[in-house]
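Here the sequence shown is numbered in full-length UniProt numbering, starting from 1 and rising by one per residue.
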Amino acid sequence: MVFGQVVIGPPGSGKTTYCNGMSQFLKLIGRKVAVINLDPANDALPYECTINIEDLVKLSDVMNEHSLGPNGGLVYCMDYLEKNIDWLQAKLEPLLKDHYLLFDFPGQVELFFLHSSAKNVIMRLIKLLNLRLTAVHLVDAHLCSDPGKYVSALLLSLSTMLHLELPHINVLSKIDLIESYGRLAFNLDFYTDAQDLSYLQHHLDQDSRSAKYRKLTKELCDVIENFSLVNFTTLDIQDKESVGNLVKLIDKSNGYIFAGIEASAVEFSKIAIRPVDWDYYRYPCSVLLACSDFVILLI
Ligand SMILES: Nc1nc2c(ncn2[C@@H]2O[C@H](COP(=O)(O)OP(=O)(O)OP(=O)(O)O)[C@@H](O)[C@H]2O)c(=O)[nH]1
Ligand SMILES: [Mg+2]
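The following block contains the structure:
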């Protein structure tokens, strides 16, 4: 049985940084990790990727050949990947024996709550390769600083959960920056639990700009509350405790802890007994070399 994570979320929410930090953390606790970049718009990758969609299809080629913008280009690339799923299957097969998989997906959100290609790719892989995957949906914690944006984050999370039909964990990323956005209207628990949204509506009513959308906001909040599916956990990718807590949640959701591969407790003890140093911004040697060449050229 092969376990892994499907890392998704809006542009800039921290997916690529997460894959880098998470792969280093998992390696430290003794897992063999493969990061699979399925975002053709990711140019400078901070992690060493085992499989790169760029080897199948390039976003710039698609945009030039089909006169598409970046959004249309990404939809095309996902459709292309779905049609060429055997390419990805063949690349993944050698990893199945002992690797934990991290899939870095594009940040174009409609691919995950509207279009079917990304979902079909994930479902086909699960069936063909017997994978156990959890969707890790990153949302920038900055959205908590504005009630309207927070409602949109809830709605996006709910639609993505319903569309993908995977074990799913919503994460407020970059939580280390939350204090820099000013005082929140409610305690952080309010935003992570997403329980009683009437307080939020009341708060929105205070703002004259939001008042005219009052009925719409109420209806949206009712939908979110009626499903009662969305909550969030928090993450600071630089903090080992924060990453460790998230790993434990993910292990429960995709069944890793029940698979008896290695007891999670044993794995975590490896990290507890020694100081941990990982650089989540780390760039692979080739990128550093390319950068230093560039500097030399500039000199
Ligand atoms: N302070 C802080 N910054 C973070 C964290 N995670 C990511 N970032 C920063 O957020 C920015 C965007 O991160 P990326 O990893 O490129 O985000 P992404 O979701 O992959 O972006 P796209 O691929 O463009 O959709 C970068 O400058 C990261 O350094 C975090 O936990 N804390
Ligand atoms: Mg990225």
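Note that beta-carbon positions come from the ideal geometry of N, C-alpha and C, so glycine has one too.
Short Cβ contact (8 Å threshold) for residue i with residue j
i: T160; j: F232; result: no
i: I8; j: F105; result: yes
i: M78; j: H115; result: yes
i: V139; j: S180; result: no
i: N84; j: L111; result: no
i: L158; j: V230; result: yes
i: V35; j: Y47; result: yes
i: S152; j: L184; result: no
Proximal residues to residue i (C-beta, below 7 Å), its chain only, five neighbours per side dropped
i: K149; result: L143
i: A41; result: L59, P70, L74 and P106
i: E82; result: S117, N120 and V121
i: L68; result: V62 and Y76
i: F186; result: Y199
i: L197; result: C221, I224 and E225
i: T50; result: A34, V35, I36 and L95
Close beta carbons around residue i, own chain, < 6 Å, minus the five adjacent residues each side
i: L125; result: L131
i: Y256; result: F3
i: D236; result: I175, D176 and S242
i: V33; result: S23, L26, K27 and Y100
i: V247; result: none
i: C285; result: Unreliable placement is indicated for C285, whose pLDDT of 41 sits below 50; no coordinate value is reported for it.
i: A141; result: L172, K174, I175 and I178
i: residue 303; result: Outside the displayed range of the chain (1 to 299) lies residue 303, so it cannot be described from this structure.
i: Y80; result: V57
i: A259; result: M1
Close Cβ partners of residue i (< 8 Å) along its chain, the five nearest in sequence each way excluded
i: L166; result: V6, I122, L133, T134 and A135
i: R214; result: Q201, L204 and D205
i: L129; result: V2, Q89, L92, E93 and L96
i: S253; result: T134, P167, H168 and I169
i: L156; result: P10, V109, F113 and V139
i: D98; result: K32
i: N245; result: T233
i: K15; result: V7, I8, G9, D39, D104, F105, G107 and L138
Which residues DSSP lists as bridging residue i, in chain order
i: Q5; result: L102 and T134
i: D140; result: S173
i: K32; result: H99
i: H168; result: A135
i: I224; result: Looking at the DSSP assignment, I224 forms no beta bridge with any residue, so it has no partner.
i: I51; result: I36
i: T233; result: V171
Whole-Å CB distance - residue i paired with residue j, under 8 Å assumed
i: N37; j: I53; result: 6 Å
i: L154; j: A194; result: 6 Å
Proximity test, Cβ basis, 8 Å: residue i and chain D
i: I122; result: No chain D is part of this structure, which consists of one protein chain only.
Problem - 4-residue-minimum alpha helix (DSSP H) runs that sit fully inside the segment 102 to 127, ordered along the chain - result: With a minimum length of 4 residues, the unbroken runs of alpha helix (DSSP H) contained wholly in the segment 102 to 127 fall at 110 to 113.
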